[in-house]
Amino acid sequence: MLGGAPLTRLLEAAVEEGVLLTPGEAFGDAYRTWGRLCFTSVPLERTALGVSRLCRAIEALAAG
């Protein structure tokens with residue numbers, strides 16, 4: 000993931016952007032490199048903002 004960066008780094012970067020992801024390993028070992036974003040409990044506008052912030056976190060990790 001992201002050039003070999005562990006999922007924990009993405010989870011931490013997402014928190015810094017104000018976005019919480021559920022570690023995929025909570026859903027079984029096959030998903031340990033996944034993260035889940037709940038998008039059904041908030042209005043669409045907040046979901047879009049969260050995705051935008053998540054993109055920033057991913058870009059920051061990718062940039063090193």
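Heads up, the sequence shown is in numbering that gives the first Met the number 0, so the first residue is 0 and it goes up one at a time. Every residue gets a Cβ at the ideal spot worked out from N, C-alpha and C, and that includes glycine.
- Message: Taking the straight line between their C-alpha atoms, what separation do you get for Arg-31 and Arg-8?
- Response: Walking along the sequence shown from the start, residue 31 turns up at place 32. Walking along the sequence shown from the start, residue 8 turns up at place 9. Distance between the alpha carbons of Arg-31 and Arg-8 is about 13 angstroms.
- Task: Give every residue of the same chain whose Cβ lies closer than 6 angstroms to the Cβ of Thr-21, excluding the five residues on either side of it in the sequence, and list them in chain order.
- Result: Residue mapping note: residue 21 aligns to position 22 of the sequence shown, counting from 1. The answer, listed in chain order, is Arg-35.
- Where does Gly-34 fall in DSSP's three states? In the sequence shown, residue 34 corresponds to position 35, counting from 1. Correct three-state label for Gly-34: strand.
- Use the C-beta contact count for Gly-63: other C-beta atoms within 10 angstroms, 16 or more gives buried, fewer gives exposed. By 1-based counting over the sequence shown, the position of residue 63 is 64. Exposed, by the Cβ-count rule.
- Query: Quick one, which of Pro-5, Glu-44, Leu-6, Val-50 has its alpha-carbon nearest Gly-17's?
  - Reply: Residue 17 sits at position 18 when you count from the first residue of the sequence shown. Minimum Cα distance to Gly-17 is reached at Val-50.
- Query: Under the three-state reduction of DSSP, which class applies to Thr-7: helix, strand or coil?
  - Reply: The residue you call residue 7 lines up with position 8 of the sequence shown. Three-state result, Thr-7: helix.
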